[in-house]
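Participant: Quick one: the structure is below, and I'll ask about it shortly.
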């Protein structure tokens, strides 16, 4: 009975798995993490060159995982199994962070708020606006997500006020992402912030902050004393 030919890459793959199990991602370079993922979808080929090519093309692990399945299939010739596995890893991480965020629903400092916003808005290629509605103990009651275009999301102050009243919120936090990577607010951002603050103020609802998030920075209106 003929035996299956030995995989020439099996020793290297075993060592990669052992390094990951011993030290986690800290024990691997970014291309090795992608290489390890690809080994489960492409069983009998050396995938190190492909992993390096993908990272070189996208520039970072973050941008690679933000690529759509269609982009990966069309531009790099990855098979359906590899693309599915990469997309699954990204979405599992997102789901994990969402569930942890639900467990810690008190948004009482800027660090917690920014972490929550990065989880919700991180990686977006279009500008997206969020409105967070809080009670007097800074528990998150609910939030609205308002999609936009590459550089603009349209928000109406009256709609924010109505939702705050309907949810019995005592405070609101505004937030949006800047896909350009620039965190400084535009004149339109400043104008919108002031408009919403002025609409909320007469009914006793506080505007705690307006936070702009980008992949490597954030801007807090409250921290800059702009509220």
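Residue numbers (my numbering): 18 to 244.
Glycine included, each C-beta is placed from N, C-alpha and C at the ideal position.
The model shown is predicted, which means the values in this text are computed figures rather than measured ones.
Going by C-alpha distance, which of 73, 74 and 53 is nearest residue 64?
Facilitator: That would be 53, whose Cα lies nearest to the Cα of residue 64.
Participant: To which residues of the same chain is residue 142 closer than 6 Å at the C-beta, ignoring the five residues directly before and after it?
Facilitator: 196.
Participant: Which of the three DSSP states is assigned to residue 63 in this structure?
Facilitator: Correct three-state label for residue 63: coil.
Participant: Going by the DSSP bridge assignment, what does residue 162 pair with across the sheet?
Facilitator: DSSP output for residue 162 lists 147 as bridge partner(s).
Participant: Once you ignore the five residues that flank residue 153 on each side, which residues in its own chain have a CB closer than 6 Å to its CB?
Facilitator: Same-chain partners within the cutoff: 187.
Participant: Tell me, please, which residues DSSP counts as bridged to residue 235.
Facilitator: Paired residue(s): 230.
Participant: Distance, Cα to Cα, residue 84 vs residue 97?
Facilitator: Taking the straight line from one Cα to the other gives about 14 Å.
Participant: Roughly how many angstroms lie between the CA atoms of residue 210 and residue 191, to the nearest whole one?
Facilitator: Their Cα atoms are separated by approximately 8 Å.
Participant: Would you kindly report the start and end of the unbroken beta strand (DSSP E) that includes residue 192?
Facilitator: Residues 188-194.
Participant: Please list, in chain order, all residues of the same chain as residue 69 whose beta carbon is under 6 Å from its beta carbon, the five residues on each side excluded.
Facilitator: The answer, listed in chain order, is 48.
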